[in-house]
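Number of protein chains: 2
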Amino acid sequence: MGVSALVAEEVQGAPAQAHLDKTTADWGLHRLADGIDQKDADTPDNWIPRHPKILRLTGRHPLNCESPLDLLLGAGFVTPVSLHLVRNHGAVPKLDWKTHRIEVGGLVNNPVSMSMDELVKFPSITIPVTVTCAGNRRKEENMIKKSIGFNWGPGSTSCTYWTGVRLCDILKHAGVKSPDQGAHFVCYRGPKGELPKGEDGSYGTSVTLAAAMDPSNDILLAYKQNGRWLTPDHGFPVRMLIPGYIGGRMVKWLSEITVTKEESNNFYHYHDNRVLPPHVDAELAKEEGWWFKPDYIINELNIQSAAARPAHDEVVSLKHNKPYKIKGYSFTGGGRKVIRVEVSLDDGSSWRQATIHRFEKPNPYGKYWCWVFWDLTVETFDFTRCKEILVRAWDSSQNGQPAVITWNVMGMMNNCYFRIKIHPHTDASGNIGFRFQHPAPIELGKLGNMGWREEEHLRDEAIKTVTTEVAAVQAAAPKPPGSKNVYTMEEVSKHTTEESCWFIHNGKVYDGTSFLDDHPGGGDSILINGGLDATEEFDSIHSTKAKEMLKDYYIGDLQG
Amino acid sequence: MGVSALVAEEVQGAPAQAHLDKTTADWGLHRLADGIDQKDADTPDNWIPRHPKILRLTGRHPLNCESPLDLLLGAGFVTPVSLHLVRNHGAVPKLDWKTHRIEVGGLVNNPVSMSMDELVKFPSITIPVTVTCAGNRRKEENMIKKSIGFNWGPGSTSCTYWTGVRLCDILKHAGVKSPDQGAHFVCYRGPKGELPKGEDGSYGTSVTLAAAMDPSNDILLAYKQNGRWLTPDHGFPVRMLIPGYIGGRMVKWLSEITVTKEESNNFYHYHDNRVLPPHVDAELAKEEGWWFKPDYIINELNIQSAAARPAHDEVVSLKHNKPYKIKGYSFTGGGRKVIRVEVSLDDGSSWRQATIHRFEKPNPYGKYWCWVFWDLTVETFDFTRCKEILVRAWDSSQNGQPAVITWNVMGMMNNCYFRIKIHPHTDASGNIGFRFQHPAPIELGKLGNMGWREEEHLRDEAIKTVTTEVAAVQAAAPKPPGSKNVYTMEEVSKHTTEESCWFIHNGKVYDGTSFLDDHPGGGDSILINGGLDATEEFDSIHSTKAKEMLKDYYIGDLQG
Chain G
314 MGVSALVAEE
324 VQGAPAQAHL
334 DKTTADWGLH
344 RLADGIDQKD
354 ADTPDNWIPR
364 HPKILRLTGR
374 HPLNCESPLD
384 LLLGAGFVTP
394 VSLHLVRNHG
404 AVPKLDWKTH
414 RIEVGGLVNN
424 PVSMSMDELV
434 KFPSITIPVT
444 VTCAGNRRKE
454 ENMIKKSIGF
464 NWGPGSTSCT
474 YWTGVRLCDI
484 LKHAGVKSPD
494 QGAHFVCYRG
504 PKGELPKGED
514 GSYGTSVTLA
524 AAMDPSNDIL
534 LAYKQNGRWL
544 TPDHGFPVRM
554 LIPGYIGGRM
564 VKWLSEITVT
574 KEESNNFYHY
584 HDNRVLPPHV
594 DAELAKEEGW
604 WFKPDYIINE
614 LNIQSAAARP
624 AHDEVVSLKH
634 NKPYKIKGYS
644 FTGGGRKVIR
654 VEVSLDDGSS
664 WRQATIHRFE
674 KPNPYGKYWC
684 WVFWDLTVET
694 FDFTRCKEIL
704 VRAWDSSQNG
714 QPAVITWNVM
724 GMMNNCYFRI
734 KIHPHTDASG
744 NIGFRFQHPA
754 PIELGKLGNM
764 GWREEEHLRD
774 EAIKTVTTEV
784 AAVQAAAPKP
794 PGSKNVYTME
804 EVSKHTTEES
814 CWFIHNGKVY
824 DGTSFLDDHP
834 GGGDSILING
844 GLDATEEFDS
854 IHSTKAKEML
864 KDYYIGDLQG
Chain R
314 MGVSALVAEE
324 VQGAPAQAHL
334 DKTTADWGLH
344 RLADGIDQKD
354 ADTPDNWIPR
364 HPKILRLTGR
374 HPLNCESPLD
384 LLLGAGFVTP
394 VSLHLVRNHG
404 AVPKLDWKTH
414 RIEVGGLVNN
424 PVSMSMDELV
434 KFPSITIPVT
444 VTCAGNRRKE
454 ENMIKKSIGF
464 NWGPGSTSCT
474 YWTGVRLCDI
484 LKHAGVKSPD
494 QGAHFVCYRG
504 PKGELPKGED
514 GSYGTSVTLA
524 AAMDPSNDIL
534 LAYKQNGRWL
544 TPDHGFPVRM
554 LIPGYIGGRM
564 VKWLSEITVT
574 KEESNNFYHY
584 HDNRVLPPHV
594 DAELAKEEGW
604 WFKPDYIINE
614 LNIQSAAARP
624 AHDEVVSLKH
634 NKPYKIKGYS
644 FTGGGRKVIR
654 VEVSLDDGSS
664 WRQATIHRFE
674 KPNPYGKYWC
684 WVFWDLTVET
694 FDFTRCKEIL
704 VRAWDSSQNG
714 QPAVITWNVM
724 GMMNNCYFRI
734 KIHPHTDASG
744 NIGFRFQHPA
754 PIELGKLGNM
764 GWREEEHLRD
774 EAIKTVTTEV
784 AAVQAAAPKP
794 PGSKNVYTME
804 EVSKHTTEES
814 CWFIHNGKVY
824 DGTSFLDDHP
834 GGGDSILING
844 GLDATEEFDS
854 IHSTKAKEML
864 KDYYIGDLQG
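So this is what it looks like as structure tokens:
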């Protein structure tokens with residue numbers, strides 16, 4: 314089956330496909346996720362087909378992924394579901410269309426327990442919406458100082474068609490009470506027992522009743538994506554969808570909706586999706602109660618842009634002066650419109666205006682929910698005296714992107730200028746050109762380079778590491794192979810159970826058994842690495858503080 | 314009558330006055346505008362009482378004014394009407410409550426011609442709203458490169474109670490048609506023949522029908538301010554009030570409302586209140602049709618902050634280390650909430666969080682329409698190694714202020730960090746302290762200093778001026794007194810009519826008669842300066858280009 318046919322199959326049922334003509338030609342190597350990826354084989358998610366090209370950001374499990382920028386933007390305005398970012402906090406719940414119910418209660422006159430068959434009988438709408446994780450571009454923040462979140466690149470945004478029933482229709486159906494009667498919030502959550510923390514182990518949050526009842530907001534109980542029933546990773550059989558908000562409010566596997574006087578009291582409502590002021594670190598946040606201060610909740614996305622071309626580690630020859638097309642995406646929140654994308658090749662002294670490609674029409678209330686693509690043609694000659702490409706966008710409220718990062722403890726909402734460094738480069742034959750370097754891509758580039766923020770970070774870390782190593786050498790004499798605290802790989806690989814769970818990190822052996830119950834990410838994510846070298850998975854998700862904690866579980870060194 | 318009694322009188326009728334307890338104590342020297350200011354004596358506005366302390370930004374007439382920051386913030390959350398910014402494009406129309414009518418037509422089923430007595434019978438609401446000119450802080454932009462607008466300082470924002478009828482109620486009363494029937498915009502305008510440009514000489518603009526019909530937006534036909542009927546400068550008898558939008562959309566002396574398919578075609582709708590990209594100057598804008606590109610319209614305010622203390626030219630002694638309270642205002646648009654105000658004393662490396670004083674409660678839909686005040690106590694010792702105080706704010710959509718200005722041809726929406734320079738200072742007795750310097754205050758400070766952006770600008774201008782003067786000297790030999798082209802003041806003062814209108818600028822005499830009809834600001838604003846020295850008034854409102862045009866009207870030099 315050709316690419317176009319696959320695309321057509323995936324988006325089947327989505328209306329207003331005319332725009333696809335513009336993009337299908339570029340879909341290149343995409344394909345549907347049609348098999349189980351070997352990376353999932355020994356995880357609880359080993360029943361879910363996933364695309365082999367997604368970038369897994371937290372090891373094999375749970376799945377948190379984005380797609381490489383060139384693949385993502387190459388797919389065009391509508392992202393194939395199999396390439397859409399995924400943010401899972403644990404194993405994907407196995408829910409059944411026939412038995413799943415949504416309980417609607419609280420401050421309503423007619424509490425409802427609704428089956429999926431009942432839900433889909435309500436009038437539905439289908440709209441394209443860009444869904445973005447609030448942690449998009451967090452890796453750049455982590456390279457300045459580790460936040461408590463894992464590394465997202467600039468690809469944790471995607472745009473698909475979503476089909477669902479308006480939340481306001483469901484609330485009206487249940488006889489929602491008025492603000493005068495004390496109804497001010499709509500709380501909602503996924504399945505109970507899904508996650509390690511909070512009273513019932515559910516992931517829950519809330520929006521204001523005013524936002525929920527406002528038809529201009531297009532808040533949906535969504536059950537189809539690109540014309541097909543949801544996949545398990547995207548919330549099968551139903552999820553909340555809130556255009557213009559951060560992805561974190563769009564709870565998947567939606568199970569309960571409760572109208573209340575106060576906002577959600579769910580653990581994750583308070584301990585996730587907040588931007589605290591830059592001086593607040595994890596300890597201070599806890600000590601001074603910052604998680605519970607109402608002003609720091611984040612809902613609407615802010616104005617954002619990033620460039621996919623030049624790609625990280627792309628090389629452009631300087632032999633002849635040629636046109637070069639810089640391109641990328643931009644979006645904003647709250648239904649606002651992206652009105653300007655600008656590129657500077659002189660450190661911000663002057664800005665060239667990019668051409669915006671807008672694929673959606675505003676909703677009847679004038680709101681915009683989707684990313685735009687942009688491009689700007691320069692000449693390769695323009696790069697000769699330019700050390701950096703700067704990209705920034707503006708929205709219809711005249712909000713722009715800041716020139717520099719403001720770090721925050723959750724590493725969220727980073728929307729500083731997207732800066733690509735330009736380096737002189739010669740290839741093996743001595744041809745002169747320029748090499749481009751993104752700030753913090755998830756993967757090494759074709760030439761083996763990391764991002765420039767990562768390089769800067771590593772230089773800083775190297776100094777710290779030397780200090781730490783010296784201290785370690787002084788503290789303990791090296792153990793020769795064969796001595797009591799040196800283990801072979803074979804020995805380590807026997808400890809894979811809840812009774813005894815060992816793992817390796819940077820050539821050292823740790824016994825994580827006693828920490829299984831206390832691990833913030835759940836015991837399962839330690840167990841799946843039991844008996845294995847967990848260096849890469851560990852480093853991708855843990856803070857400096859967590860790394861320091863390792864020493865309490867250190868039992869010896871790996872032989873060799 | 315004491316100050317409190319005057320305040321009480323001015324705000325009489327405004328509900329929910331409890332917050333005033335916090336602020337009345339500070340109102341200081343305020344008083345109602347209770348007489349005709351001599352500056353207005355020979356202008357068409359010589360019937361309107363105005364406060365003597367307002368800062369007139371475009372000479373005597375028409376009135377465009379803001380209040381000094383200390384007076385404005387000293388007045389507290391609710392600004393006295395007499396200190397509220399005013400933006401007039403020409404003479405204030407003399408309207409009569411008894412005869413004034415609002416015509417409501419276009420795509421409505423029942424066109425209405427409504428008298429004021431009829432209007433005030435509709436249900437009304439009273440809400441506090443911060444009204445801000447989109448040109449607030451424009452003087453900072455003009456100091457980088459002259460925009461086509463006059464110099465506003467940071468005081469072109471004010472907050473009062475407004476009472477009026479919801480626009481959506483009036484539209485419903487007139488049987489407004491639906492978007493399906495082609496209704497998409499609500500156009501509205503002031504009196505015809507008021508202004509020099511456009512088809513009918515009215516000031517008009519439009520908002521989307523969706524925005525107009527959304528009750529959460531609180532758009533009002535406002536007829537009272539702080540509990541009293543509107544004053545002529547604020548739109549008597551009725552004006553449009555759109556919370557969270559720039560002041561430019563809040564048309565005064567409201568005369569006509571028309572529901573339409575397309576946005577307003579009024580001259581000022583297209584040629585005012587736009588932010589064009591930084592590379593577009595006045596010539597390019599005209600040449601390439603930028604005024605008519607829909608994306609560059611501005612409606613919602615962006616996030617803004619400024620500091621009133623330390624004041625410009627304030628001096629702080631360094632004798633003893635003492636607490637010092639930095640304070641100011643902040644606001645944002647679109648109903649968003651100001652959530653953080655931060656101050657840096659180390660060039661942005663770290664930020665201290667100011668305390669926010671919020672006086673309003675959100676409307677039932679969670680929207681905020683008012684400024685907040687903020688303060689942060691530091692120690693005078695903190696200033697010893699600090700060259701600049703930086704202030705920035707963030708709103709609930711995580712939009713912050715940019716570190717640097719992005720110039721635009723209308724000089725609008727400047728919201729870069731508010732930067733106060735700190736200079737070592739000794740007084741006459743040799744006591745050491747620090748002097749503070751605002752970027753671009755409207756008045757010289759107590760010590761005679763201008764703003765730091767102005768100083769930088771003048772350094773640049775000085776170079777240009779020297780070049781120009783040299784050219785002038787080369788072009789024309791100096792004229793001795795008594796020669797044909799040297800005029801006495803007495804002679805000049807005779808030319809004050811439409812038949813012969815001379816004026817003086819920087820010691821040179823100009824004959825403006827032939828330009829009376831073509832003057833973009835109207836012939837009247839030349840005539841009121843006929844026979845006078847117009848240097849100050851001319852410079853405050855004209856662009857570099859306009860100054861260059863002067864040479865075409867030069868007729869000689871002033872004697873002495």
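Taken in sequence, the protein lines are chains G and R.
For what it's worth, my numbering labels the leading residue of the first sequence as 314, then goes sequentially.
For what it's worth, my numbering labels the leading residue of the second sequence as 314, then goes sequentially.
Cβ atoms here follow ideal geometry from the backbone N, Cα and C, with glycine treated the same way.
With 16 other Cβ atoms within 10 Å as the buried cut-off, status of residue i
| i | result |
| --- | --- |
| glycine 372 of chain G | buried |
| methionine 862 of chain R | exposed |
| lysine 858 of chain R | exposed |
| asparagine 401 of chain G | buried |
| valine 779 of chain R | exposed |
| histidine 633 of chain G | exposed |
| glycine 743 of chain G | exposed |
| glutamate 655 of chain G | buried |
| glycine 648 of chain R | buried |
| phenylalanine 686 of chain R | buried |
Proximal residues of chain G, C-beta to C-beta of residue i below 9 Å
| i | result |
| --- | --- |
| tryptophan 664 of chain R | Pro590, Pro591, His592 and Thr719 |
| proline 424 of chain R | Going along chain G, no residue has its Cβ under 9 Å from proline 424 of chain R, so there is no contact; the nearest lies around 25 Å. |
| proline 556 of chain R | Correct list: empty, because the minimum Cβ distance to chain G is about 14 Å. |
Beta-carbon gap between residue i and residue j smaller than 9 Å
| i | j | result |
| --- | --- | --- |
| glutamine 711 of chain R | asparagine 728 of chain G | yes |
| phenylalanine 694 of chain R | isoleucine 735 of chain R | no |
| alanine 716 of chain G | glycine 661 of chain G | yes |
| threonine 439 of chain G | threonine 470 of chain G | no |
| valine 572 of chain G | leucine 432 of chain G | no |
| methionine 526 of chain G | cysteine 481 of chain G | yes |
| isoleucine 817 of chain R | aspartate 846 of chain R | yes |
| isoleucine 258 of chain G | isoleucine 611 of chain G | Residue 258 of chain G cannot be examined here, being either before or after the span of chain G that is shown, 314 to 873. |
| serine 519 of chain G | glutamate 507 of chain G | no |
Expected contact under 8 Å - CB spacing of residue i and residue j to nearest Å
| i | j | result |
| --- | --- | --- |
| proline 467 of chain R | asparagine 449 of chain R | 6 Å |
| valine 805 of chain G | aspartate 870 of chain G | That pair is no contact at about 11 Å. |
| isoleucine 733 of chain G | glutamine 750 of chain G | 7 Å |
Interface partners of residue i on chain G, CB under 8 Å
| i | result |
| --- | --- |
| proline 715 of chain R | Gly713, Pro715 and Ala716 |
Proximal residues of chain R, C-beta to C-beta of residue i below 8 Å
| i | result |
| --- | --- |
| alanine 523 of chain G | Ser529, Pro677, Tyr678 and Gly679 |
| glycine 641 of chain G | The contacting residues do not exist; glycine 641 of chain G stays about 18 Å from chain R at best. |
| methionine 726 of chain G | Gln711 |
| proline 492 of chain G | Pro677 |
| isoleucine 652 of chain G | Asp608 and Tyr609 |
Residue-level contact to chain G via CB, residue i, 9 Å cutoff
| i | result |
| --- | --- |
| glutamate 575 of chain R | no |
| glutamate 655 of chain R | yes |
| serine 317 of chain R | Residue placement at serine 317 of chain R is poorly supported in this model, since its pLDDT is 36, which falls under 50; the coordinates still yield a value, given next. It does not: the Cβ of serine 317 of chain R has no partner Cβ on chain G nearer than 9 Å. |
Within chain R, partners of residue i - CB distance below 7 Å
| i | result |
| --- | --- |
| proline 467 of chain G | Here the premise fails: no neighbours, minimum Cβ distance about 17 Å. |
| glycine 646 of chain G | Ser710 |
Cβ of residue i within 9 Å of any chain R Cβ
| i | result |
| --- | --- |
| glutamate 609 of chain G | Just to set this straight, residue 609 of chain G is tyrosine in the shown sequence, not glutamate. Yes, tyrosine 609 of chain G lies at the interface with chain R (some Cβ there is under 9 Å from its Cβ). |
| leucine 265 of chain G | Past the boundaries of the shown model lies residue 265 of chain G; chain G is included only from 314 to 873, so the question cannot be answered. |
| isoleucine 349 of chain G | no |
| glycine 661 of chain G | yes |
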